[in-house]
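Asks: When you line the sequence shown up against this note's numbering, it's residues 105 to 967, in that order.
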Amino acid sequence: MLIQDRINNLPLPLSSFLGRKEESAAISALLLQGVRLLNLTGTGGVGKTRLALAVADSIHEAWNSGVCFVPLQAVSRPEQVVPAIAQALELHAGNLPIFEAVQAYLRPRHLLLVLDNFEQVVEAASSLTTLLISCRELTVLVTSRQRLHVSGEYEFPVHPLAVPDTEHEYAMEELITNPSVTLFLDRAQAIAPTFRFTTANASDIADICIHLEGLPLALELAAARIKLLPPHILLSRLSHPLQILTTGYRDASERHQTLRNTIQWSYDLLSEEEQILFRRLCVFVGGCSLKAVEALYTLLSDDPTGVFENSASLLNKSLLMRDEQEDGQIRFQMLETIRDFGLECLQKHSEVDQVQQAHARYFLFWAKDSRKAMFGSEQGLLIKRYLQEQWNWRAAMHVLLKQQDKEAALRLAGGLSIFWMIWGYSFDQVYLIEGKNFLEQSLFNSDKSLTTARAWALSLYGAILAMLYDLERSEVACREGLALARKVGDVQYIIGCLWMLSLPLLVRNDFKVARGVVEEAVSLARGLRDDCTDWGIVWLLGYSLHRAGYVALWQGRYAVAREMLAEMITLGNQKGERFFTLWSTLFLGEVDFFEGKDEEARERIELLMSMYKSLNIKTQVAEALRFLGLLALRRGDIEEAHAQLSESLHIHKEVRDEQGIAWSGIWLAKVEHARQNLESARLLLQDGLSRSLKSSGKLYTVMGLEELGGVVGEQGELTWAAQLFGAAETLREVIGTPMPPVERPEHEKQIATVHMALGEAGWSKAWMRGCSMTPEQVLAAQEVASAPASSLQGAATSVPRLTRRELEVLHYIAEDLTNAQIATKLRLSTVTISSYLRSIYKKLGVSSRTAALRFALDHHLFS
C-alpha cells in the first residue's frame with residue numbers, strides 16, 4: 105500500500121472565482137470549527153463545485169494530510185463511490201476489500217475529502233458516515249443537488265448570485281460591484297476582450313442578470329453569446345433561455361455544456377411520481393402554496409396524497425426552493441430556467457391544456473373566496489396574497505380568454521375587483537389599467553348574458569374608468585351594470601352596483617345625484633343586514649355608509665356625515681376591516697376640520713397618518729398631510745403648512761393622481777398667498793385649475809377659483825377677481841356643496857374688499873358676468889377683465905406695489921398696534937403678521953416699523 109505524506113490534487117480552475125466571499129467565509133468557518141460532513145446543496149449550475157474548490161484551496165493547510173478532490177460526475181452507481189475515492193487517493197488495495205483499504209488508509213490521516221456531484225449516488229451516503237465514525241481526523245465536503253439524509257450531515261444551501269434590485273436605481277460604479285454583473289462581465293470579456301460596460305448597455309446587462317436569476321452557469325452561457333449578440337439583442341432572446349444558452353466550454357462536463365442538459369440531469373434522477381409533480385408545478389408562475397398544488401391534483405381528478413412527500417423530495421433535490429412567508433406559510437418557488445424546462449416536459453407529455461385549465465379553475469375559486477374574505481380581519485394579509493399570486497391569476501386570465509370562456513373570465517374579474525380598486529387607487533395605477541384591459545376583453549365581443557357576474561363586471565369596469573378619469577364612459581358602464589343587476593334581481597349586487605355608480609359621480613363632484621345613489625344603497629343594505637352571504641355586511645352596508653358620509657361631508661351636512669361615518673367605523677372595527685375603516689376615520693377628521701374643531705381634527709388625522717405610513721398607503725398619507733397642512737396654516741405655522749402640503753403634492757405626483765395633485769397644489773397656493781408670494785400662488789393655482797378641469801374635479805375647481813380670486817384681487821385685477829368669485833359661487837350651487845362655515849369669514853372679507861374697490865356698479869356687473877361663466881370661460885377672461893387697481897392700491901401704483909393685506913397692516917402700524925393686536929384685528933396669527941411685515945420691508949427697502957411708516961406717509965400710500 106503506497107502512502108503519501110501529504111495530498112493536494114485540487115484541480116486548478118482557469119477562470120476567476122467571483123461573487124462568493126460571504127459564502128466562502130461561512131463554509132470555511134464551519135469546516136475549521138469542526139463540522140465533519142458538510143454538504144453544499146443547490147440546483148444544477150449554481151456553482152457548488154467552484155465554491156467547494158475555492159474553499160478547499162483557501163484552507164487546505166489546516167489539514168496535516170492535505171486535501172483530496174474526488175469527481176463523481178462519471179460515477180453512476182453507489183457501489184462505485186468508494187473505488188472512486190481510492191482512485192483519487194492513488195490507493196492500491198492489494199488483497200484487502202476496497203472499503204477496508206480506504207478505511208485503513210484514512211484512519212490515521214488528518215484529511216479534507218471533497219466529493220463533487222454526489223446526487224446520482226446518494227445511496228452511498230451511509231458509507232461516508234461509516235468512514236467518518238472510524239476515521240476521526242477525516243472531514244468530508246460534499247457537493248450535491250440533494251440532501252444526503254444521514255446523521256451528522258450539515259447542509260449549506262448554495263443560492264444563485266445576488267442580482268440588481270429592480271426597485272433601486274444604481275450608479276454605474278455601484279452596479280458593476282453586483283456579483284451577477286461582475287461574473288457576467290468577467291466571462292464576456294474573456295470571450296470578447298474589447299467588450300466594455302457602459303452607460304448605454306448597463307441597464308441591459310443588469311436585466312440579463314435579473315432575467316437569469318443570478319444562476320452562474322446561465323450567466324456564463326449568456327456571456328458566451330456576447331461576441332455575436334450585443335446585450336440588448338441578447339436580452340430580447342432570453343424569453344426562451346433554454347434555446348439560446350446552448351454552448352458551453354468544451355472542457356466542461358456534458359451536463360454543463362448547455363442549460364437544458366444540466367436540468368435534464370436532475371430531472372432524470374427523479375422517480376415517475378416526482379417527474380409528474382415537477383411538470384405540474386411548472387404551470388404555477390411566481391410560486392405556489394402546498395394547498396394550491398394539492399388542489400390542482402384534485403381538479404385533475406388525481407389523488408393528492410403523495411404531493412407532500414414528493415414536494416419535500418423536490419426541495420431536497422434542489423429543483424424547488426422553500427420561501428417562508430410573514431404569516432408562517434410555506435411557499436414553493438422555482439427558478440424560471442427550471443420552470444421553462446418543466447413546461448417543455450409538460451408539452452412533450454401532451455399535458456399542457458389539461459393542467460393549465462385546472463390551474464385556471466383553482467385561481468377562479470381562489471379569487472372568489474379571497475374577495476369574500478377581503479372585508480374582514482384578514483384584509484391586509486389577503487392584499488399581500490393577491491400581490492403574491494398576481495402572476496398566477498394573470499396566467500389564469502390568459503387561459504380563460506384563450507379558451508373564450510368569457511363567463512369564467514368575468515367571475516375571475518369579480519374576484520379580483522376589490523384588490524384592483526384598493527391597490528390600483530392607493531398604490532399603482534398599473535393595476536387599474538390591467539383590470540380595464542382584461543374587462544374589455546371579457547365583456548365585449550361576447551354573449552350579453554343576464555348574470556350577476558356580467559352586471560358586476562360592467563360596474564367594475566365603470567368604476568375603474570372613473571379612477572382613470574374617463575368619466576363619460578364610466579357612468580354609462582356603471583348604469584348598464586346597475587340596470588342588469590336590477591333585472592337579475594339580486595339585491596346584494598344591486599347595492600354593489602349602486603356603490604360603483606357613486607364613483608364617477610363623486611370623481612366629478614356631482615354630490616346632488618350621488619346622494620340619491622348612496623342613500624338607496626344604504627337603505628337596501630339595512631334591509632338586507634342579516635342576509636349578506638355573498639358579500640358580507642361590511643361591504644354592503646359599511647362601504648355604503650362610507651360613501652354616504654363622504655357625500656354628506658361635502659354637502660355641509662356635518663351631523664349626518666359624522667353619524668354615518670361613525671356607524672361604518674363601528675361596523676368595520678367589529679369585523680376587523682381596516683382599509684375603509686381607516687378611510688372613514690380620516691373623513692371624520694375632515695368633518696372636525698370643517699366644523700372648526702381644529703385640535704380634534706389634528707389629533708385624529710396625525711394618528712391616522714402614522715398608521716397610513718406604516719401601511720405605506722400613499723394616497724391616504726397625502727390626503728392626511730393636505731389637511732394637516734391647512735390646520736397648520738390656520739394656527740399660523742406657515743412653514744409647517746408649506747412643508748406638509750409640499751410633501752402631499754409630491755406624493756400625489758409620485759402616484760400620478762391628477763385630482764390629488766390639483767387639490768394639494770391649490771391648498772399649497774393658500775400658503776404662498778399667506779406668505780405674500782402672490783406670483784408663486786398664482787402659478788400653483790393655474791396648474792391646479794388646469795388639472796382639476798381635465799380630471800373633471802369640480803370641487804377642486806371651485807376651491808381654485810375662490811383662491812385665485814383672492815390672489816388677483818390683492819394684485820389689483822379687481823374685475824377679474826369679482827368674476828372668479830361669481831363663477832365659483834355658481835359652480836358651488838351646481839354641484840351642491842356650500843362653503844364650510846369656518847372658511848366663510850376670510851372669503852367674505854376678500855369679496856367685501858374687491859366690492860368696495862370696484863364700487864357697487866362695477867362689482868355688480870363683474871359679479872353677474874362671472875356667475876354666468878363656466879370655469880373655462882372665466883379663466884380665459886383674464887386679459888379682458890384685468891384693469892389697473894385704483895381705489896384698492898391708491899397711490900401705491902406709482903411706487904413699490906403693496907398688496908391689499910400689506911396696506912391694511914401698514915394702516916394698523918400707523919395706529920401703533922402691536923403684531924398681536926394686528927393679528928386679532930385681521931383674525932390672523934402673529935406669525936402671519938410677521939410674514940407680512942418682512943414682505944413690506946423688502947418691497948419698501950426699509951428695516952423697521954418707523955421707516956416703513958415714514959415711507960408710506962412720504963409717498964401718500966394712505967391717501
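Heads up, the beta-carbon is just placed ideally off N, CA and C, and yes, glycines get one too.
(1) Over what stretch of residues does the alpha helix (DSSP H) that includes Asn549 continue unbroken?
(2) Hey, Leu193 and Val179: beta-carbon distance below 9 Å or not?
(3) Check whether the Cβ atoms of His186 and Leu217 sit closer than 9 Å, and answer yes or no.
(4) Examine the Cβ distances between the region 553-572 and the region 792-809 and report whether three or more of them are shorter than 8 Å.
(5) Buried or exposed for Arg958, please, with buried defined as at least 16 other CB atoms from any protein chain shown within 10 angstroms of its CB.
(6) Between the C-alpha atoms of Leu835 and Tyr716, what's the straight-line distance to the nearest angstrom?
(7) What residue range does the beta strand (DSSP E) around Val171 cover?
(8) DSSP three-state call for Glu681: helix, strand or coil?
(9) Starting from the N-terminal side, write out each stretch of the alpha helix (DSSP H) that is 4 residues or longer and does not extend beyond the region 909-944.
(10) Assuming Thr366 contacts Gly123 under a Cβ cut-off of 8 Å, what Cβ separation, rounded to an integer in Å, is found between them?
(11) Using a 10 Å radius around the Cβ and a threshold of 16 neighbouring Cβ atoms, would you call Leu961 buried or exposed?
(12) Could you have a look at Asp406 and say whether DSSP puts it in helix, strand or coil?
(13) Could you work out which residue in Lys472, Ser563, Leu215 and Asp509 is closest to Asp551 when comparing CA atoms only?
(14) Is Asn613 buried or exposed, if buried means 16 or more other CB atoms sit within 10 Å of its CB?
(15) So Tyr968 and Ala956 are supposed to be a Cβ contact under 8 Å. How far apart are they, rounded?
(16) Taking the CB atoms as reference points, tell me whether Leu325 and Leu289 lie closer together than 9 Å.
(17) For Thr243, does the three-state DSSP call read helix, strand or coil?
(18) DSSP on Tyr716, reduced to helix/strand/coil?
(19) Given this structure, state the Cα-to-Cα distance separating Tyr804 from Ile641, to the nearest angstrom.
(20) Going by C-alpha distance, which of Leu883, Tyr466 and Leu948 is nearest Leu812?
(21) Going by CA-CA distance only, name the one from Glu257, Phe698, Thr145 and Ala477 that's closest to Leu732.
(22) Grab the span of the beta strand (DSSP E) containing Leu142 for me, first residue to last.
(23) Leaving out five residues before and five after Ile599 in sequence, what residues of the same chain have Cβ atoms less than 6 Å from its Cβ?
(24) Given a cut-off of 9 Å on the beta-carbon distance, is the pair Val225 and Pro182 in contact?
(25) Decide if His164 is buried, meaning its Cβ has at least 16 other Cβ atoms within 10 Å, or exposed.
(26) When DSSP labels each residue in this structure, what does Cys601 get in the three-state scheme?
(27) Go ahead and pull the three-state DSSP assignment for Cys449.
(28) Under 8 Å by Cβ, that's how I've got Met713 and Leu729 pegged, so tell me the actual separation to the nearest angstrom.
(29) Might you give, ordered along the chain, the residues of its own chain that have their beta carbon closer than 6 Å to the beta carbon of Val246, omitting 5 neighbours on each side?
(30) Residues in its own chain within less than 8 Å of Tyr401 by CB, not counting five upstream and five downstream?
(31) Kindly indicate which residue of Arg364, Val695 and Tyr597 has the alpha-carbon position closest to the one of Tyr667.
(32) Identify every residue that forms a DSSP beta bridge with Phe436.
(33) Based on the DSSP output, what are the partners of Ile111 in its beta bridges?
(34) Rounded to the nearest angstrom, what separates Gln827 and Ala663 at their Cα positions?
(35) Let me confirm a value: Asp444 is counted as buried when at least 16 other C-beta atoms fall within 10 Å, else exposed. Which label applies?
(36) Excluding sequence positions up to five away, which residues of its chain have a Cβ less than 6 Å from the Cβ of Leu842?
Replies: According to the structure data:
(1) Neither: Asn549 is in no alpha helix (DSSP H) and is coded neither H nor E.
(2) no
(3) First, the residue type needs correcting, since residue 186 is Val and not His in the sequence shown. Not in contact: Val186 and Leu217 (Cβ atoms no closer than 9 Å).
(4) no
(5) exposed
(6) 33 Å
(7) Gly170 to Pro175
(8) coil
(9) 923-930
(10) Incorrect: roughly 19 Å between the Cβ atoms, too far for contact.
(11) exposed
(12) coil
(13) Asp509
(14) buried
(15) Missing from the structure shown is residue 968; the chain here goes from 105 to 967 and no further.
(16) no
(17) strand
(18) helix
(19) 33 Å
(20) Leu883
(21) Phe698
(22) Leu141 to Thr145
(23) Ala625, Leu628, Ala629 and Leu644
(24) yes
(25) buried
(26) helix
(27) helix
(28) 7 Å
(29) Asn143, Leu219 and Phe222
(30) Arg384, Asp407, Pro408 and Val411
(31) It is worth fixing the name first, because residue 667 is Glu in this sequence and not Tyr. If we check each option's Cα against that of Glu667, Val695 comes out closest.
(32) Cys392 and Arg426
(33) Gly170
(34) 33 Å
(35) buried
(36) Leu is not the amino acid found at residue 842; the sequence shown has Pro there. Cβ within range, chain order: Gly660.
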